[in-house]
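Residue numbers (the working numbering): 5 to 927.
Following this line, the structure appears as structure tokens:
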């Protein structure tokens with residue numbers, strides 16, 4: 005009976021929930037990014053369609069105050085009513101949430117409606133650590149239980165909020181993660197698992213993409229369904245369903261490519277091409293393979309291996325002379341063999357034996373401090389003086405036709421280090437073994453008041469690992485009481501040889517935070533960043549330098565340097581040591597839109613200059629500034645370069661004058677540089693540039709020349725390189741790229757290329773636009789507004805074909821009074837008006853196909869299905885320059901390199917063979 009009542013109670017509660025006006029209430033602070041996330045999340049949830057298999061035909065309505073609240077004199081009453089009518093509460097958690105009185109009251113009131121339980125409360129973490137941003141109201145719940153006497157009692161228990169996490173180092177990346185992470189919110193709303201929804205969402209994308217396939221796929225699908233129902237023509241039905249499935253896979257390949265899943269995209273495109281015996285054509289798959297493998301290029305930059313984790317990757321590196329790859333995500337650190345892709349080990353909190361009450365601690369890795377390379381060697385394959393802009397608003401003239409080969413002075417990184425909270429381990433990548441970097445001696449432990457709880461208190465500054473310990477002595481008056489005596493030591497480790505360490509002694513008072521202020525130290529000088537509190541709650545920072553003598557920091561003597569930084573105006577300074585200089589960096593302006601640099605001579609602490617630049621300084625763990633010595637670069641002075649979000653500034657260290665500013669079209673995610681004046685820049689948009697900073701004369705501010713070295717397949721989140729290998733991170737996958745030679749490409753001499761550019765009318769369709777037969781037809785169609793200006797026309801078989809200024813190929817019906825079909829060959833651009841006039845149509849060996857050439861590109865088009873099989877040529881790596889019908893080969897040219905080559909006009913079988921070969925290589 006009791007069980008029946010309980011079941012009835014649950015049913016009643018469920019009915020009550022279903023009758024609520026809102027599925028969820030979104031609680032958030034009205035800050036710009038919080039609001040942007042709230043708006044996007046509301047849109048995702050309200051347009052979400054539950055999977056059919058769940059048999060829940062719900063269309064959710066989600067409350068967000070700016071979209072739902074009417075004008076009211078009593079806002080709090082409207083909020084209460086909305087909370088009362090919401091089944092779930094979604095809390096957007098940012099760093100300022102705990103300071104929001106209204107958000108915390110919303111959580112408390114919602115809990116009061118649900119027996120003080122957090123069961124129906126979901127959290128979306130958008131910045132910060134959970135332990136810091138979750139308000140107290142989210143972290144406890146009440147449960148009703150019976151005591152030994154059978155009495156019901158309420159018990160307050162700590163809980164871990166159910167949370168989705170979109171934290172990232174930029175708003176764009178966070179919103180990108182929200183596209184899938186919102187499913188973690190939707191899953192409990194549907195009472196199902198996140199993985200089920202995620203897989204369903206991927207399938208939904210594929211089905212939705214069928215609309216792009218146009219009428220052919222719809223007809224095929226209709227025939228397939230009809231054939232299934234009528235149970236006739238079973239063989240034809242099977243063939244059509246297979247073709248539809250292949251088309252889906254080809255479209256899925258495009259989605260994967262856009263999402264940065266590069267190897268998966270190519271593999272899916274290869275699988276989407278039918279085998280010869282299937283007797284069908286899937287042009288979308290041919291197009292996908294031709295584009296992604298770059299079959300008409302002499303060399304392609306493609307992935308050859310991938311390494312996968314379980315969460316978004318934040319950092320990646322080569323170690324052990326390129327023999328291993330190491331990456332870090334929210335769950336731990338991964339170590340793989342580079343060539344085989346075998347996972348050597350995953351390092352987690354559990355693996356390392358770390359036990360904390362707060363499970364938000366994670367394991368991170370770092371490699372020895374990045375030093376400048378001697379030189380990066382480039383192989384110049386372009387003609388002398390050739391170059392062009394990369395077309396993406398980069399402020400430089402960027403040359404194509406350069407290839408990075410080898411480098412000298414590259415850090416081998418024979419090992420790497422793991423750290424979590426206050427512990428550090430050295431890892432041997434060869435076998436994955438690890439050990440703590442030191443064992444504290446008993447002699448050292450005796451100075452600690454409780455040796456049983458002695459902790460390894462490590463920190464990193466200036467690219468070094470350091471540890472502080474303080475001496476304690478037993479109080480004479482009270483035996484067993486230990487007090488700090490003021491004597492301290494700073495232990496600094498040599499990362500490349502951890503057995504080597506230096507000890508620097510100093511004294512301090514019990515409340516002195518001197519050890520935390522240390523920013524850089526050598527045998528002669530120590531730099532600190534001290535915070536001083538003023539009346540009224542204001543703070544200021546003092547950058548100080550103290551002499552170091554015989555291993556003792558002379559902090560009680562007058563500082564060699566004392567530079568004041570007003571926190572209210574500039575914030576807390578970042579201190580960096582690069583080459584012979586110490587640099588401080590502060591952000592200024594209302595939104596941190598300016599960055600100020602102070603430059604000091606490291607050995608003397610003498611201030612040399614300061615400069616303020618436009619833009620926000622980037623947070624790069626490895627490198628934010630660097631210097632070039634004039635004797636290595638033939639510049640007139642030593643130069644400081646600073647890395648901003650999208651800019652790099654060159655600054656005269658002695659005067660603070662800005663020599664030049666490089667502006668890039670996307671955020672900078674990785675930097676390497678050489679002593680000789682080369683800066684290797686990798687951008688979020690997937691482009692890798694080389695800048696040349698040498699031979700600068702005083703007063704000269706002319707544009708420098710750079711080079712585009714590589715272009716990854718898509719946007720990337722992080723990168724690294726070693727010799728011929730490049731790593732690119734996309735989401736939770738690391739892809740290893742290499743330059744691959746196209747074996748189908750045949751290099752020919754310029755004089756031999758003329759036969760493939762023949763003017764023989766037998767291999768080209770003439771332009772009959774002004775002929776007596778075609779001209780009236782065009783005018784009639786233009787009167788009906790069916791076609792635009794026509795640049796080429798010809799009758800092939802029973803149909804007329806027109807190519808217009810709008811980039812569309814029209815198929816005129818047999819009566820010549822209407823358009824039977826049309827396809828967009830290229831999207832019209834404002835500057836294409838004149839370019840579009842150069843149109844040549846080549847005859848191929850297949851009478852149902854043409855090669856339509858517009859300027860330096862060509863499209864292989866099947867006239868029967870009016871579909872593009874694939875596109876040939878671009879303006880950078882290789883332009884379409886001609887065709888041989890006899891040999892069925894296309895002529896390609898790179899005007900920068902002044903080189904010609906031939907490639908076959910690939911059949912579906914040949915593309916399948918190329919794709920399969922690539923798959924076997926990567927496997």
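Backbone N, C-alpha and C fix where the C-beta goes; we use that ideal spot for every residue, glycine too.
The bridge partners DSSP lists for residue 581 are 586. Pairing residue 93 with residue 167 gives a Cβ-Cβ distance that is not under 9 Å. Assignment of residue 870 by DSSP, reduced to helix, strand and coil, places it in the coil class. If you keep only unbroken alpha helix (DSSP H) runs of at least 4 residues inside the stretch 251-280, you get 266-276. Look at residue 314 here: in three-state DSSP terms it is coil, with no helix or strand label.
In the displayed model, residue 44 falls within a helix according to three-state DSSP. The C-beta separation of residue 673 from residue 627 comes to about 11 Å, leaving the pair out of contact by the 8 Å criterion. About 6 Å separates the CB atoms of residue 579 and residue 531; that is less than 8 Å, so the two are in contact.
Residue 422 is bridged by DSSP to 369, 429. The three-state reading of DSSP puts residue 345 in coil, since its state is none of H, G, I, E or B. Excluding the 5 residues flanking it on each side, residue 634 has same chain C-beta neighbours closer than 8 Å at 640, 641, 642, 643, in chain order. Between the C-alpha atoms of residue 812 and residue 872 there is a straight-line separation of about 12 Å. For residue 135, the uninterrupted alpha helix (DSSP H) run begins and ends at 134-137, by DSSP. One thing to note: residue 472 has its Cβ no nearer than 9 Å to the Cβ of residue 535.
Less than 9 Å separates the beta-carbon of residue 419 from that of residue 323. Counting every other CB atom within 10 Å of its CB across the protein chains shown gives residue 36 a total below 16, marking it as exposed. Straight across, the Cα-Cα distance linking residue 38 with residue 737 is about 28 Å. Contact between the stretch 892-907 and the stretch 773-791 is absent: fewer than three C-beta pairs spanning the two stretches fall below 8 Å. One Cα belongs to residue 105, the other to residue 140, and the distance between them is close to 12 Å.
Going by beta carbons, residue 926 and residue 296 fall outside the 9 Å limit.
The residue from 118, 262, 693 with its alpha-carbon nearest to that of residue 148 is 118. Short of 8 Å from the beta carbon of residue 702, and not among the five residues preceding or following it, lie these beta carbons of its own chain, in chain order: 640, 641.
Shown here for residue 700: same chain residues with a beta carbon closer than 7 Å to its own, the five before and five after excluded, namely 639, 640, 663 in chain order. Rounded to the nearest angstrom, the gap between the Cα atoms of residue 656 and residue 679 is 16 Å. With a minimum length of 3 residues, the unbroken runs of beta strand (DSSP E) contained wholly in the stretch 95-148 fall at 125-129.
Between residue 846 and the set 817, 884, 824, 826, the nearest pair of CA atoms involves 884. When DSSP reads this structure, residue 337 sits in a beta bridge with 332, 351.
Rounded to the nearest angstrom, the gap between the Cα atoms of residue 547 and residue 352 is 37 Å. Residue 795 sits away from residue 733, with the two beta carbons spaced by 9 Å or more. In this structure, the straight-line span from the alpha carbon of residue 81 to that of residue 276 is close to 58 Å.
Looking at the DSSP output, residue 676 sits in a beta bridge with 684. For residue 717, the three-state secondary structure derived from DSSP is coil. Taking 8 Å as the upper bound for CB-CB distance, residue 522 and residue 558 are not in contact here, some 14 Å apart. The closest CA to that of residue 670, considering only 649, 481, 713, 654, is found on 649. In this structure, the CA atom of residue 258 is about 19 Å from the CA atom of residue 246. Residue 887 places its beta carbon 9 Å or farther from that of residue 752.
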